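Worksheet for the structure shown next.
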Amino acid sequence: MGQVVQFPEARVSSAKDFRDAVLLGLSQKQKSVPSRFFYDARGSELFERITELPEYYPTRTEIGLLKSCSPDFGRLLPPGAVVVEFGSGSSRKTELLLQALERPAAYIPIEISAAALYPAARRIARAFPGLGVHPVLGGFHDLDRMKLPLQDFFCVGFFPGSTIGNFTRTEAVLFLRSVRRLLGKRAALLVGADLQKPLDILLPAYNDAAGVTAAFNLNMLARINRELFGAFDLAAFEHSAIYNERKERIEMYLRSLCAQSASVAGRCFSFEAGETIHTENSHKYSLSGFRWLAARGGWEIVKSWADKNRLFSLHLLT
Ligand code: AVI
């Protein structure tokens, strides 16, 4: 069995971060709550269910791509690399990358949820004897504060799932620059990015017939009720997901079905009928749009892959 050795913990998102972000977001003209707060235990469970929905093509398409491209990874990336995964969650896709590489030296999963991080790290260590596994508890916001002893290794960053699409373009550029700083010059980065496509495929992926995405979105209010002494009436809000053509992204909202008010952590917020809380952006890239983004983030594309239906893309950057 590979060895699990923990690095010192990075800062973990606290109850105060959640409270401050919710109170600030609900005080704006366009009310909002950052999408990173979707993923409490219930939200993570609902997201796992989303990935299995017939309408939600990204996960299965990306897994298919990771399998079909694996000979390329083995050819393009050097032996003995250290794999650093950002937001590793259950590390399910990582196994495909680790299998494709020649004698990877170590795996460093970086993840905000301890409940996801440590069991996944143990599973990978069991599956890859001889691999050093070093879990780091922390979020994307902590990258600039992190120091990893990577100078002697070629590093392969891994950021699958099109999570980069949940950042605005500015945030995505800053993220790519932070990854470059963390991994150094001798590094590659494998990123999954969802592609632009006809709306009859895209919209159902965020408005599924079984209502799992709606439950995932509404869980944000349930989480506020549970953790911040919130008093949202969940039945008085509905899920909405639209495509913003100009910004090339899905936008998710919670729409108030009537004029109402709700208290959160002792503060009262009013809603007009039809007023929305913005909860998520999910940007969809063209191949050239992603190349532009990578360049601004300090990376160059070595190779890009897409499935035959051009639903999803993987990019190897250096
Ligand atoms: C995690 N992220 C890439 C998902 C997406 O497609 O943007 C989150 C999601 N939101 C609704 N469905 C899935």
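Residue numbers (the numbering used here): -10 to 307.
By construction, the Cβ of each residue, glycine as well, lies at the ideal position given by its N, Cα and C atoms.
Remember, predicted model here, so these are calculated numbers, not experimental data.
Host alpha helix (DSSP H) of residue i (start-end)
i: Trp281; result: 276 to 285
i: Phe260; result: Run containing Phe260: none in the alpha helix (DSSP H); it sits in the beta strand (DSSP E), 256 to 260.
i: Pro47; result: 46 to 65
i: Val11; result: 4 to 15
Contact set for residue i: own chain, Cβ-Cβ below 7 Å, skip 5 residues either direction
i: Arg285; result: Val162
i: Asn206; result: His228, Met241, Leu243, Thr268
i: Ser79; result: Ala105, Ala109
i: Trp294; result: Leu54, Cys58, Ser302, Leu303
Run of the beta strand (DSSP E) containing residue i, from where it starts to where it stops
i: Ala182; result: 176 to 183
i: Gly146; result: 144 to 148
i: Ser252; result: 249 to 253
Residue i, buried or exposed, once every other Cβ within 10 Å from all chains shown has been counted against 16
i: Thr157; result: exposed
i: Phe218; result: exposed
i: Trp288; result: buried
i: Lys82; result: buried
i: Ile190; result: exposed
i: His304; result: buried
i: Asp197; result: buried
i: Pro124; result: buried
i: Arg212; result: buried
i: Gly63; result: exposed
i: Ala199; result: exposed
Anticipated Cβ contact below 8 Å, residue i with residue j, distance rounded
i: Arg92; j: Gly69; result: 6 Å
i: His267; j: Ser57; result: That pair is no contact at about 36 Å.
i: Lys186; j: Glu237; result: Actually they do not touch by this definition, with Cβ atoms about 11 Å apart.
i: Ile290; j: Arg280; result: 5 Å
Residue i vs residue j beta-carbon contact at 8 Å
i: Leu126; j: Cys144; result: no
i: Ser151; j: Pro47; result: yes
i: Cys247; j: Ala224; result: no
i: Leu90; j: Asn208; result: no
i: Phe147; j: Leu179; result: yes
i: Tyr96; j: Leu87; result: yes
i: Ala203; j: Glu44; result: no
i: Ser271; j: Gly154; result: yes
i: Ser77; j: Tyr28; result: no
i: Gly181; j: Glu41; result: no
Chain-order list of residues whose beta-carbon lies under 6 Å from that of residue i (same chain, five-residue window excluded)
i: Cys257; result: Ser250
i: Ser275; result: Gln185
i: Arg0; result: Because Arg0 sits at a pLDDT of 49, beneath the cut-off of 50, its placement in the model cannot be relied upon, and the following sentence gives the value as read from the coordinates. If we look at Arg0 and ignore the five residues flanking it on each side, its Cβ neighbours are Asp131.
Contact set for residue i: own chain, Cβ-Cβ below 8 Å, skip 5 residues either direction
i: Ala30; result: Ala104
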